[in-house]
Amino acid sequence: MTHANAPLTPAGRLRLARCVVDEGWPLRRAAERFQVAVSTAKRWAGRYRADGEAGMVDRSSRPHRCPSRLPTRTERRIIKVRVLRRWGPARIAYLLGLNPSTVHRVLRRYGLARLTHLDRATGQPVRRYEHAAPGDLIHVDIKKLGNIPDGGGHRVLGRAIGLRHKKATTTARYRHGKPRIGSSYLHNAVDDHSRLAYSEILDDEKKETAAAFWHRAQTFFTRNGITIERVLTDNGSCYKSRLWRDTLANAGISHKRTRPYRPQTNGKVERFNRTLLEEWAYARPYHSERERRDAYPDWLHTYNHHRGHTALGGHPP
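Residue numbers for the sequence shown, in this note's numbering: 1 to 317.
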């Protein structure tokens with residue numbers, strides 16, 4: 001292929017070949033004149049005899065056969081996992097026992113390499129960003145989860161048994177008579193740069209609860225050497241309150257809110273929410289809400305200290 005320091009362009013090759021073929025120059029003389037090896041002059045003269053001017057252009061360097069290429073069956077498995085589960089190359093590679101670069105190469109060949117870069121709702125490319133230092137921006141959000149009745153819920157046991165367990169767990173009822181076991185509220189804070197996360201399971205999302213959570217979250221980040229400059233939240237009522245505003249202002253922290261109906265702006269904590277659902281909340285059957293809550297500290301420790309993060313090169317936060 002032609003490169004910056006190549007002595008011959010396609011036009012130069014044509015001149016060399018014509019000197020040898022049409023004008024009868026010896027190969028050595030032509031090689032000296034055009035400052036190339038004799039073998040190079042011989043090759044271009046031979047191509048000119050065989051193909052004329054069309055033989056002077058670069059040919060593909062792709063090999064005729066590739067014994068090390070993945071079997072078609074393996075490629076199909078990669079594509080199937082990609083389409084059905086929307087996993088990235090690293091997770092697919094771990095599942096199939098392959099190198100991530102091999103998986104990425106297959107996805108590129110089939111035009112699926114950018115699947116994870118698309119917004120699920122709009123299909124448009126997602127604009128990604130990352131702040132330069134820890135503490136430049138902290139993403140904060142609340143994730144609401146329905147509580148699990150004693151004995152297990154309907155996700156695992158079905159609606160009939162789940163309803164029976166709800167009735168046995170609580171005497172509280174909605175107006176229409178169905179049992180009311182309440183919800184849990186996960187207050188989450190994730191550092192934009194390092195992905196370090198602080199999270200608590202609380203009983204509501206009131207402004208007083210959110211402000212108290214933030215005091216503890218700030219202490220956690222400070223203990224880990226992170227000085228917070230700015231906080232990003234959605235437009236929830238607790239984050240629009242004067243108490244929240246004053247809590248951040250008294251700490252010298254600026255507050256920024258996302259545009260309405262644009263949760264992807266707060267994408268890092270939204271991704272954290274999805275991860276905790278997949279790997280903790282719904283990862284296995286729980287027989288009570290207390291059992292699920294008791295498992296959360298260990299999962300959060302694993303997330304911060306042991307679980308590899310793709311954006312961090314496979315390292316934990």
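Every residue, glycine too, gets a C-beta built ideally from N, C-alpha and C.
Close Cβ partners of residue i (< 8 Å) along its chain, the five nearest in sequence each way excluded
i      : result
ASN147 : ILE181, GLY182, SER183, SER184, GLU289
ALA93  : ASN99, PRO100, THR102, VAL103
VAL21  : ALA45, TYR48, ARG49
Those residues which DSSP pairs with residue i across a bridge
i      : result
ARG33  : According to DSSP, ARG33 bridges with nothing at all.
HIS255 : VAL231
VAL140 : ALA189
ALA113 : ALA113 pairs with nothing; no bridge assigned.
HIS165 : According to DSSP, which records beta bridges pairwise, HIS165 is partnered with nothing at all.
TYR198 : ALA189
Residue i burial status per 10 Å Cβ neighbour count (16 or more: buried)
i      : result
ALA359 : With the chain running from 1 to 317 in the structure shown, residue 359 is simply not present.
SER194 : buried
ALA217 : buried
LEU84  : exposed
TYR198 : buried
ARG108 : exposed
LEU232 : buried
LEU16  : buried
SER60  : exposed
GLY308 : exposed
LEU312 : exposed
Beta-carbon contacts of residue i that lie in its chain and below 6 Å, excluding the five residues immediately before and after
i     : result
ARG18 : none
ARG47 : GLY55
Residues of its chain near residue i, where Cβ-Cβ distance is below 7 Å and the 5 sequence neighbours each way are ignored
i      : result
CYS238 : GLU205, LYS206, LYS207, ALA210, TRP244
THR324 : There is simply no residue 324 to check, as the chain begins at 1 and stops at 317 in what is shown.
ARG13  : TRP44, MET56
Whole-Å CB distance - residue i paired with residue j, under 8 Å assumed
i      : j      : result
ASN188 : LYS144 : Not confirmed; about 12 Å, so no contact.
ASN235 : PRO260 : 6 Å
ALA141 : ASN266 : Ala is not the amino acid found at residue 141; the sequence shown has Asp there. Yes, ASP141 and ASN266 are in contact; Cβ-Cβ is about 6 Å, under 8 Å.
Using 8 Å as the threshold, is the segment 23-32 in touch with the segment 49-69, meaning 3 or more CB pairs across them?
Put simply, the segment 23-32 does not touch the segment 49-69. Fewer than three CB pairs are less than 8 Å apart.
Using a Cβ distance threshold of 8 Å, determine whether the segment 277-287 contacts the segment 252-266, with at least three qualifying pairs required.
no
Quick check: the segment 164-183 against the segment 298-309, are at least 3 beta-carbon pairs closer than 8 Å?
no
Between the segment 38-45 and the segment 57-73, can you find at least three pairs of beta-carbon atoms closer than 8 Å?
no
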